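J.: Numbering-wise, the sequence shown is residues 1 to 295 according to UniProt numbering. I have a structure I would like to understand better, so I am pasting it below and will then ask my questions one at a time.
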Amino acid sequence: MIDNNNNSNNNSNNSDDDDVELIKHKKLRTKFLLNISNFKKFTAIIVIAAGFGFLGYGYLNSIIHFINLGIGLLLIGWVLLSFSYEKYLRYNIGSSVFNDYMDLVGKLIKSLDIKNSGIIIPPRENLKNGAIFLPLNENFKINFGLIDDSVLFVNSDNKKEMGIVFTPLGKSLINILKKYDDLDELTLDEYDDKSSMIINIENYLDYSLNLFQLGSNVNVNFNDNKTITVSYKINDNSVCKKLQKDGLCKKCPCPVCGFIVLSIAKSLNRMLKIEEIIEDNRNIIIKLNVLDNNI
Numbered sequence: 001m002i003d004n005n006n007n008s009n010n011n012s013n014n015s016d017d018d019d020v021e022l023i024k025h026k027k028l029r030t031k032f033l034l035n036i037s038n039f040k041k042f043t044a045i046i047v048i049a050a051g052f053g054f055l056g057y058g059y060l061n062s063i064i065h066f067i068n069l070g071i072g073l074l075l076i077g078w079v080l081l082s083f084s085y086e087k088y089l090r091y092n093i094g095s096s097v098f099n100d101y102m103d104l105v106g107k108l109i110k111s112l113d114i115k116n117s118g119i120i121i122p123p124r125e126n127l128k129n130g131a132i133f134l135p136l137n138e139n140f141k142i143n144f145g146l147i148d149d150s151v152l153f154v155n156s157d158n159k160k161e162m163g164i165v166f167t168p169l170g171k172s173l174i175n176i177l178k179k180y181d182d183l184d185e186l187t188l189d190e191y192d193d194k195s196s197m198i199i200n201i202e203n204y205l206d207y208s209l210n211l212f213q214l215g216s217n218v219n220v221n222f223n224d225n226k227t228i229t230v231s232y233k234i235n236d237n238s239v240c241k242k243l244q245k246d247g248l249c250k251k252c253p254c255p256v257c258g259f260i261v262l263s264i265a266k267s268l269n270r271m272l273k274i275e276e277i278i279e280d281n282r283n284i285i286i287k288l289n290v291l292d293n294n295i
């Protein structure tokens, strides 16, 4: 006689093992891509050094061919080096645009005198990418009939339902992973025990942050299914300092923290309240409350 429960458990364990192996493979691929980037820089430096060598030798010995070769190698080396650091130019432009956006958001929040933390809403029918809801009142109520992707101000006769809605800044990273990566999205129903779910969420987040070169060392802790603590190491904390100074972290988090909290909300299919986001020497701690409402 065949034991269906045993077969089901075996299939579940095999599925978990496959997920872990897939993530390990992707981490190795990410490390390989990072090594290629470093190899470009190393190659560029060698080419430039060789260019100076040929140029100096040709000049001292009056060998025109060596002089021309040296000049050519210098040009090639500088081009390679420029392409290696192209991402930093893109980052500076993106960072400036982001700062302008956050200045606008900060003024809006201050003008409405919003004191409450952000509520992370996972994607649903009328919110394709999910949302961050900032309620005007401490005793709030979310009316999904008043919220969709086109709404910024939530107006209602019931003051408890009023607030503002933002698209989570981390949604672009999720969309990139969904479009170009074959890593499956994680949902609570796929795992029979909480420890397997936590490990897979940790691996997913750690892999993603390493892939985008945004951070590493992700750790996720669930406490009594009501509170979640996430810690990780961020590579660049310049945005964190600005948001911490303006008191915006737990109201409208940066793209990195936004990606993390939105990913967890999607995995659990639950709304999350941001209780606290702390940054200390590039170490980030995010504290979340799982709300009772099911989506």
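Even glycine gets a Cβ: it sits at the ideal position worked out from N, Cα and C. As the structure is a prediction and not an experimental result, all values here were calculated from the model.
(1) Give, in chain order, every unbroken run of the beta strand (DSSP E) that is at least 3 residues long and sits entirely within the stretch 142 to 173.
(2) Taking Cβ to Cβ, would you say V261 is nearer than 9 Å to I274?
(3) Determine the closest residue to C254 out of L177, L268 and V239, with distance taken between C-alpha atoms.
(4) DSSP three-state call for L136: helix, strand or coil?
(5) With a threshold of 16 other CB atoms inside 10 Å of the CB of N68, please say whether the residue is buried or exposed.
(6) Please name the residue or residues paired with V218 in a DSSP beta bridge.
(7) Measuring only the C-alpha atoms, how far is A44 from L74?
(8) Determine which residues share a DSSP beta bridge with A131 and list them.
(9) Measure the C-alpha to C-alpha separation of residue 303 and N289 and round it to an integer number of angstroms.
(10) Contact between the stretch 218 to 235 and the stretch 120 to 140 is defined here as three or more beta-carbon pairs at a separation below 8 Å; is this criterion met?
(11) Using alpha carbons as the reference points, say which of K233, Y57, K242 and N225 lies closest to S216.
(12) Can you check whether the CB of G53 is closer than 9 Å to the CB of G77?
(13) Does N116 pass the burial test, meaning 16 or more other C-beta atoms within 10 Å, or should it be called exposed?
(14) Can you pull the DSSP bridge partners for E202?
(15) What number of angstroms, rounded off, separates the C-alpha of I119 from the C-alpha of F133?
(16) For L248, does the three-state DSSP call read helix, strand or coil?
(17) Residues in the same chain with beta-carbon distance under 6 Å from K57, minus the five sequence neighbours each way, listed in chain order, please.
(18) Between E161 and V154, what straight-line distance do the alpha-carbon atoms span, to the nearest angstrom?
(19) By how many angstroms is the C-alpha of N126 removed from the C-alpha of L146?
(20) Taking the CB atoms as reference points, tell me whether N235 and L214 lie closer together than 9 Å.
(21) Excluding the five sequence neighbours on either side, which residues of its own chain have a C-beta within less than 6 Å of the C-beta of I285, listed in chain order?
(22) Using DSSP with H/G/I as helix, E/B as strand and the rest coil, what is K273?
(23) With a Cβ-Cβ cutoff of 9 Å, do G163 and S263 count as a contact?
(24) Here's the rule: buried if 16 or more other CB atoms are within 10 angstroms of the residue's CB, otherwise exposed. What is N203?
(25) In this structure, does DSSP put K266 in helix, strand or coil?
(26) Can L209 and V256 be called in contact, C-beta distance under 9 Å?
T.: The answer reads as follows:
(1) If only complete runs of 3 or more residues are kept, the stretch 142 to 173 shows the beta strand (DSSP E) at 163 to 166, in order along the chain.
(2) Contact check for V261 against I274 passes: the beta carbons are separated by less than 9 Å.
(3) V239
(4) coil
(5) Classification of N68: exposed, given that the 10 Å Cβ count is below 16.
(6) Partner(s): none; V218 has no beta bridge.
(7) 9 Å
(8) When beta bridges are read from the DSSP output, A131 appears opposite I121.
(9) In the structure as shown, the chain starts at 1 and stops at 295, and residue 303 therefore has no counterpart that could be examined.
(10) no
(11) Of the candidates K233, Y57, K242 and N225, the one whose C-alpha sits nearest the C-alpha of S216 is K233.
(12) no
(13) buried
(14) Per DSSP, none; premise fails for E202.
(15) Straight-line spacing of the CA atoms in I119 and F133 works out to 5 Å.
(16) Annotated three-state conformation of L248 is coil, per DSSP.
(17) A quick correction: the sequence has Tyr, not Lys, at residue 57. Taken in chain order, the residues that qualify are F66.
(18) Approximately 7 Å, taken between the alpha carbons.
(19) 10 Å
(20) At a Cβ-Cβ threshold of 9 Å, N235 and L214 count as neighbours.
(21) Excluding five sequence positions before and after I285, the CB atoms of its chain that fall closer than 6 Å to its own CB belong to S231 and I278, given in chain order.
(22) strand
(23) no
(24) buried
(25) helix
(26) Cβ distance < 9 Å, so L209 and V256 count as in contact.
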